[in-house]
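A.B. asks: Next up is a structure, given as structure tokens.
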């Protein structure tokens with residue numbers, strides 16, 4: 001796809017794009033390094049982790065996408081370090097890494 005085609009597609013979209021988690025995972029998995037020897041959680045296990053819909057705008061910044069965590073966004077936080085992330089962002093991270101993107105604490109979470 002040419003850049004002009006992509007620009008046209010994005011410019012003509014009146015609403016937010018539909019988020020396809022599986023497509024994001026495929027893209028991330030194809031671009032992530034496979035030589036680092038670190039494996040993360042399976043998608044099935046990640047989907048079992050608790051999440052919450054943010055009830056107010058937080059001062060937190062998602063360390064994966066570097067955007068703020070806003071009211072109504074599905075989010076996850078982890079008991080060891082208390083850092084908060086967009087669920088979609090941290091899910092992709094946890095497929096490849098088992099540490100917090102902010103402080104590198106190990107994630108020790110049991111599915112609900």
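Residue numbers (full-length UniProt numbering): 1 to 112.
The C-beta atom is built at its ideal place from N, Cα and C for all residues, glycine as well.
Once you ignore the five residues that flank residue 40 on each side, which residues in its own chain have a CB closer than 7 Å to its CB?
C.D. replies: In chain order, 94, 95, 96, 97 and 98 place their CB closer than 7 Å to the CB of residue 40, counting only its own chain and leaving out the 5 sequence neighbours on each side.
A.B. asks: Between the Cα of residue 178 and those of 84, 58, 60 and 90, spot the shortest distance and give me the residue it belongs to.
C.D. replies: What the structure shows of the chain is the stretch from 1 to 112, and residue 178 is not part of that stretch, so it cannot be assessed.
A.B. asks: Below 8 Å CB to CB, which residues in the same chain sit around residue 102 once its five sequence neighbours on both sides are set aside?
C.D. replies: 63, 81 and 83
A.B. asks: Which value, in whole angstroms, describes the spacing of the CA atoms of residue 71 and residue 49?
C.D. replies: 20 Å
A.B. asks: Could you have a look at residue 31 and say whether DSSP puts it in helix, strand or coil?
C.D. replies: With a pLDDT of 45 at residue 31, under the threshold of 50, the modelled position of this residue cannot be trusted; read the value that follows with caution. Residue 31 falls in the helix class under three-state DSSP.
A.B. asks: Please state the DSSP three-state secondary structure of residue 53.
C.D. replies: strand
A.B. asks: So is residue 92 buried or exposed if we call it buried at 16+ other beta carbons inside 10 Å?
C.D. replies: buried
A.B. asks: By Cβ distance below 8 Å, which residues in the same chain neighbour residue 67 in space, the five residues on each side in sequence not counted?
C.D. replies: 61 and 86
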